[in-house]
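Mind the numbering: the sequence shown is residues 2 to 253 in my numbering, read in order. So the structure is just underneath, and the comments pick up after that.
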Amino acid sequence: MTEVIIVQNEHEAAQIYANCVAQLIARKPDAVLGLATGSSPLAAYGALAERVREQQLDMSQVQGFALDEYIGLPLDHPESYHSTIHRTVTEPLGLDPAKVHVPGDVLHGMALNDNGEAMAAAGPNYDQMIADAGGIDVQILGIGTDGHVGFNEPGSSLVSGTRIKTLAEQTRIDNARFFNNDVEQVPTHCITQGIGTILKARHLILLAFGDAKAEAIEETVERGVSSFCPASALQMHPHATVIVDEAAASRL
Ligand code: GLP
C-alpha cells in the first residue's frame with residue numbers, strides 16, 4: 002500500500018526520513034540502509050547526520066547499499082556514484098566505508114566490453130550481498146522525470162534483479178548537469194538494483210520535489226501498475242511512503 006505525505010518543503014520531508022532511520026538505528030545498530038544518489042535525498046541525509054550527532058547514535062555497525070552506478074567511470078571520478086555516496090552519505094553519517102557498497106564496485110574503470118563475465122556476475126553477486134546482510138531495512142528513493150527508480154528506465158521488468166542497463170536518452174540529458182552540461186560525457190550504461198530487488202526492502206521512502214516530477218508522481222500513485230512507469234511498482238509493496246511537496250503533488 003502506498004502512503005502519500007504532502008509536505009511544505011524538502012526539509013520537512015528530511016525530518017520524516019531522519020526520524021524513521023534514527024529510530025531504526027537506535028533499536029537495530031546493524032541496520033541496513035538502502036541509499037540513493039540524486040538531489041532529492043540530500044536534505045534527508047543532512048537531517049539524519051544531525052540526528053546522529055544529537056543522539057550520539059553508534060553508526061559503526063550500520064551497513065549501506067547504493068541503488069546504482071554508471072559503467073565506465075573510474076572509481077575516483079567525482080560523479081561516479083561510488084564517490085557521490087562517499088561524499089554525501091558515508092562521510093557525513095560517519096559510516097564505516099567497508100560497510101557501504103555500490104553495485105559494480107568490482108567493475109570500476111572497466112569499459113562495457115572489457116569483461117563480459119564480470120559484467121554478468123556483478124548484478125547477481127550484489128543481490129546476494131544484500132541478502133547475506135539480512136535485506137534492506139529502509140530504502141530511500143528518488144524518481145526520474147520519466148518515472149525511473151534507480152536506473153530502471155520505462156520498460157524495465159518489475160521483477161528484475163540487479164543488472165547492467167542502457168540509460169534512456171532523457172536520463173542522460175537530465176544528468177548532463179553533472180557532466181559540464183555535456184550529454185556526450187554522460188555514460189551510456191549503468192548497473193542498477195532491479196525493481197524486484199528494490200521491492201524486497203522492508204520499507205520504501207520515495208522523495209520527490211518540484212513540478213518536473215508531478216507527472217511521474219501521478220503515474221506512480223494514481224495510475225495502474227506498469228513497467229512504463231517503473232516507480233508504479235511501489236503500489237505492490239506492503240510499506241511504501243511517498244513524500245512530496247505541493248508542486249510534485251499538483252496532479253494528484
Ligand atoms: C538519477 C538516479 C536516480 C535518481 C534520479 C533523480 O537518475 N539514478 O536514482 O532518483 O537521478 O534525481 P534527482 O533527485 O536529482 O531529481
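Just so it is clear, CB atoms sit at the ideal spot from N, CA and C, and this is done for glycine as well.
Taking each of Gly73, Ile206, Val184, Ser40 in turn and checking the Cα distance to Met120, the smallest one comes out for Gly73. Secondary structure at Thr163: coil, using DSSP grouped into helix, strand and coil.
Here DSSP, grouped into helix, strand and coil, assigns Gln62 to coil.
Around the C-beta of Lys29, fewer than 16 other C-beta atoms lie within 10 Å, and the residue is accordingly described as exposed. In the three-state reduction of the DSSP assignment, Ile192 falls in the strand class. For the ligand GLP, the residues with a Cβ under 6 Å from any of its heavy atoms are, in chain order, Ala37, Thr38, Gly39, Ser40, Ser41, Leu68, Asp69, Gly143, Ile144, Gly145, Gly151, Phe152, Thr172, Asn176.
Its Cα nearest to that of Gln56, the residue Ala23 stands out among Arg173, Lys100, Ala23. Rounded to whole angstroms, the separation of the alpha carbons of Ala134 and Glu170 is 34 Å. Cβ contact annotation for Ile174 (same chain, cutoff 6 Å, sequence separation greater than five): Val184, in chain order. Out of Arg178, Ala123, Leu25, the CA that lies nearest to the CA of Asp59 is found in Leu25. By the 16-neighbour rule on beta-carbons within 10 angstroms, Asn153 is buried. Counted as a single uninterrupted DSSP element, the stretch harbouring Asp69 is not any alpha helix (DSSP H) but the beta strand (DSSP E) occupying residues 69-71.
With a minimum length of 3 residues, the unbroken runs of beta strand (DSSP E) contained wholly in the stretch 23-64 fall at 33-36. In the three-state reduction of the DSSP assignment, Gln16 falls in the helix class, which pools H, G and I. Burial state of Ala132 is exposed, judged by a 10 Å Cβ sphere holding fewer than 16 other Cβ atoms.
Ala123 and Pro104 have their C-alpha atoms some 7 Å from each other.
Shown here for His83: same chain residues with a beta carbon closer than 6 Å to its own, the five before and five after excluded, namely Leu76, Val103 in chain order. Scanning Gly117, Ala32, Glu13, Gly151 for the CA closest to the CA of Cys191 turns up Gly151. Put simply, of Thr89, Arg164, Ser228, Arg252 the residue whose alpha carbon is nearest the alpha carbon of Ala44 is Thr89. Cβ atoms of Val243 and Leu207 come within 8 Å of each other, at about 5 Å. Here Gly110 has Pro75, Leu76 as same chain residues with Cβ atoms under 7 Å from its own Cβ, once five neighbours each way along the sequence are excluded.
Assigned with DSSP and collapsed to three states, Ala241 falls in strand. Thr146 sits in coil when the DSSP states are folded into three classes, being neither helix nor strand. Under the 8 Å Cβ criterion, the stretch 201-218 counts as touching the stretch 133-147, having at least three qualifying pairs.
Exclusion of the five residues before and after Thr85 leaves Thr38 as the residues of its chain whose Cβ lies within less than 6 Å of its Cβ.
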